[in-house]
Amino acid sequence: MRIDSNSSLAPWQQNFVDQFLRQKNSKSLLVAAPGTGKTATALFAANEMLSRSEVDSLLVISDRLMIRDQWSHVAARYGIDLGTSLESYLDRNGASATLQSLWTRGAAELIEEAARARRWFIMADDPAYETKSLVSLVDRMLSLNNSKALFISQHLPTGLSVDSEFHFASELILERSILDAPPTEVRIARFAPSFSLLQQLQKGSAAIDGMSWREFEKFIASLLENDGYVVDLMKGSKDGGVDVIAVKDLGPNGYFKALWQAKKQTTSNKVGISVVRELADTRQEFGASKGIIVTSSYLTKGALERVNRDKYLLGKVDRKDLDA
Numbered sequence: 001m002r003i004d005s006n007s008s009l010a011p012w013q014q015n016f017v018d019q020f021l022r023q024k025n026s027k028s029l030l031v032a033a034p035g036t037g038k039t040a041t042a043l044f045a046a047n048e049m050l051s052r053s054e055v056d057s058l059l060v061i062s063d064r065l066m067i068r069d070q071w072s073h074v075a076a077r078y079g080i081d082l083g084t085s086l087e088s089y090l091d092r093n094g095a096s097a098t099l100q101s102l103w104t105r106g107a108a109e110l111i112e113e114a115a116r117a118r119r120w121f122i123m124a125d126d127p128a129y130e131t132k133s134l135v136s137l138v139d140r141m142l143s144l145n146n147s148k149a150l151f152i153s154q155h156l157p158t159g160l161s162v163d164s165e166f167h168f169a170s171e172l173i174l175e176r177s178i179l180d181a182p183p184t185e186v187r188i189a190r191f192a193p194s195f196s197l198l199q200q201l202q203k204g205s206a207a208i209d210g211m212s213w214r215e216f217e218k219f220i221a222s223l224l225e226n227d228g229y230v231v232d233l234m235k236g237s238k239d240g241g242v243d244v245i246a247v248k249d250l251g252p253n254g255y256f257k258a259l260w261q262a263k264k265q266t267t268s269n270k271v272g273i274s275v276v277r278e279l280a281d282t283r284q285e286f287g288a289s290k291g292i293i294v295t296s297s298y299l300t301k302g303a304l305e306r307v308n309r310d311k312y313l314l315g316k317v318d319r320k321d322l323d324a
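The opening position of the sequence shown corresponds to residue 1 in UniProt numbering, with each subsequent residue numbered one higher.
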């Protein structure tokens with residue numbers, strides 16, 4: 001099934017697809033911020049390569065079962081039928097598999113058989129944690145056939161050598177100034193999963209001061225549900241710095257998973273750097289796109305600096321944003 005990507009992709013996505021399909025390098029890297037649609041963009045490129053018979057099959061490698069299943073689910077929208085194990089490639093368009101499943105005893109023979117039988121487009125999702133093992137596996141498959149590999153990451157992975165590198169020049173972050181931007185910028189900003197929530201928080205800012213900490217958490221969860229997220233409200237204690245886990249299907253922009261930490265406290269009691277560090281660690285552990293702090297107070301200077309430094313991965317809505 002062929003997709004008309006020209007009518008569906010954002011400009012920065014279409015630019016990548018055009019450049020990637022033109023170049024003939026074996027190993028490429030796409031660096032893209034959360035929410036910029038790297039999943040959909042890569043699948044459009046894969047669909048085009050399959051339609052042109054440039055490759056026979058697609059293999060997506062990730063490091064979590066949830067991410068494996070997400071790739072398989074989203075690929076189906078673009079006419080690509082992916083099983084969830086490498087064995088399924090024979091009667092499908094390919095497979096979405098975890099690195100762990102491809103690194104088990106007995107997998108080596110299957111990998112060699114598959115690599116020799118088909119020309120593969122291999123997509124490696126977020127190679128930051130198991131770079132050496134992942135690169136070794138990809139290089140092995142590339143050496144056995146006329147295949148092509150694309151590594152996809154939120155930032156530049158260490159220890160990864162590629163032939164070509166691409167970057168999305170679009171970032172989707174929580175910024176109050178977006179709401180006052182010119183119409184063109186606002187239209188672009190609406191791709192950001194935080195846009196509607198920030199508007200609703202500002203409308204309800206007067207009532208926030210009278211809420212208990214648990215009511216504040218439930219308020220955040222309710223707003224996210226109203227905005228189309230699938231929400232998991234945590235129990236309220238020892239939850240690793242997370243009060244709400246929210247996942248939203250952004251269609252062409254892929255899935256957005258965010259961890260929300262709600263801090264209901266007086267304005268004199270600022271959110272410190274330790275809270276931000278804990279949220280950053282938990283975001284990485286959960287494999288989320290972004291970790292976001294919502295507080296009725298302010299952030300300390302150190303906490304703000306950390307959020308600004310990692311603005312692609314962390315966000316905040318504080319008293320200043322609520323009162324704007």
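Glycine included, each C-beta is placed from N, C-alpha and C at the ideal position.
Pairwise C-alpha distance: residue j and residue i
i: Ser85; j: Ser72; result: 10 Å
i: Phe20; j: Ala108; result: 29 Å
i: Gln23; j: Ile273; result: 44 Å
i: Ile293; j: Ala303; result: 10 Å
i: Gly228; j: Arg77; result: 19 Å
i: Ser133; j: Gly159; result: 11 Å
i: Gln13; j: Ala32; result: 10 Å
i: residue 328; j: Thr300; result: The structure shown does not extend to residue 328, since the chain spans only 1 to 324, so no value can be given for it.
i: Gly106; j: Leu150; result: 25 Å
i: residue 395; j: Pro11; result: Because the chain here runs from 1 to 324, residue 395 falls outside it and cannot be looked at.
i: Gln261; j: Lys235; result: 12 Å
i: Lys316; j: Asn146; result: 46 Å
i: Asp63; j: Phe216; result: 34 Å
i: Thr104; j: Arg309; result: 38 Å
i: Gln70; j: Ala97; result: 11 Å
i: Ser280; j: Asn226; result: Rather than Ser, the amino acid found at residue 280 in this sequence is Ala. Near 26 Å, if we compare the C-alpha coordinates of Asn226 and Ala280.
i: Val244; j: Asn47; result: 35 Å
Residues near residue i by beta carbon distance below 8 Å, same chain, minus five either side
i: Ser297; result: Lys263, Gln265, Thr266, Thr267, Ser268, Asn269, Lys270, Val271, Asp318, Arg319
i: residue 325; result: Nothing about residue 325 can be reported from this structure: the residues present for the chain run from 1 to 324 only.
i: Val74; result: Thr39, Ala40, Leu43, Gly254, Tyr255
i: Leu102; result: Ile61, Leu86, Ile111, Leu137
i: Arg283; result: Leu259, Lys290, Gly291, Leu313, Leu314
Beta-carbon separation (whole angstroms), residue i vs residue j, contact threshold 8 Å
i: residue 326; j: Trp120; result: Absent from the model: residue 326. The displayed extent of the chain is 1 to 324, so no value can be given.
i: Leu233; j: Lys248; result: 15 Å between Cβ atoms; not a contact.
i: Leu144; j: Ala115; result: 4 Å
i: Val55; j: Lys148; result: 7 Å
i: Ser53; j: Arg118; result: Not confirmed; about 12 Å, so no contact.
i: Ala288; j: Lys257; result: 5 Å
i: Gln154; j: Asp126; result: 7 Å
i: Ile152; j: Met123; result: 6 Å
Spatially closest choice to residue i from the options, by CA coordinates
i: Thr41; options: Leu9, Glu113, Arg68; result: Leu9
i: residue 395; options: Glu305, Ser26, Gln261; result: The requested residue 395 does not occur in the structure, where the chain is confined to residues 1 to 324.
i: Leu99; options: Lys316, Leu65, Ala115, Arg277; result: Leu65
i: residue 333; options: Asp63, Asp69, Asp18, Ser62; result: The first residue shown for the chain is 1 and the last is 324, placing residue 333 beyond what the model contains.
i: Ser161; options: Gln284, Met141, Thr131; result: Thr131
i: residue 325; options: Glu305, Val242, Leu250, Thr300; result: Because residue 325 is not part of the residues shown, which for the chain are 1 to 324, the question remains open.
i: Glu278; options: Lys257, Arg306, Lys301; result: Arg306
i: Thr295; options: Arg283, Gln13, Asp321; result: Asp321
i: Tyr89; options: Thr282, Arg105, Glu113; result: Glu113
i: Val230; options: Arg214, Ser133, Leu250; result: Leu250
Residues that DSSP places opposite residue i in a beta bridge
i: Gly94; result: Leu58, Leu82
i: Ala280; result: BP columns for Ala280 are empty, so no partner.
i: His167; result: Val31
i: Trp120; result: Ser57
i: Val247; result: Val230, Lys257
i: Asp125; result: Ile152
i: Gly315; result: Ile292
i: Val271; result: Leu299
i: Ala262; result: Val294
Any C-beta of chain D under 8 Å from that of residue i
i: Arg77; result: Of the protein chains in this structure there is only one, and it is not chain D.
Contact set for residue i: own chain, Cβ-Cβ below 6 Å, skip 5 residues either direction
i: Gly83; result: Arg92, Ala95
i: Ala246; result: Leu224, Tyr229, Val231, Ala258
i: Asp139; result: none
i: Leu213; result: Here residue 213 turns out to be Trp, not Leu, going by the sequence shown. So the qualifying residues of the chain are Lys264.
i: Ser7; result: Confidence is the limiting factor: at Ser7 the pLDDT is only 44, short of 50, which leaves the residue's position unreliable and the question unanswerable from this model.
Close beta carbons around residue i, own chain, < 7 Å, minus the five adjacent residues each side
i: Asp163; result: Asn25, Ser26, Lys27, Ser28
i: Met211; result: Phe219, Lys264
i: Ile67; result: Asp125, Gly287
Contact test: residue i Cβ vs the ligand FMN heavy atom, cutoff 7 Å
i: Val275; result: Among the ligands in the structure shown, none appear at all, so the ligand FMN cannot be discussed.
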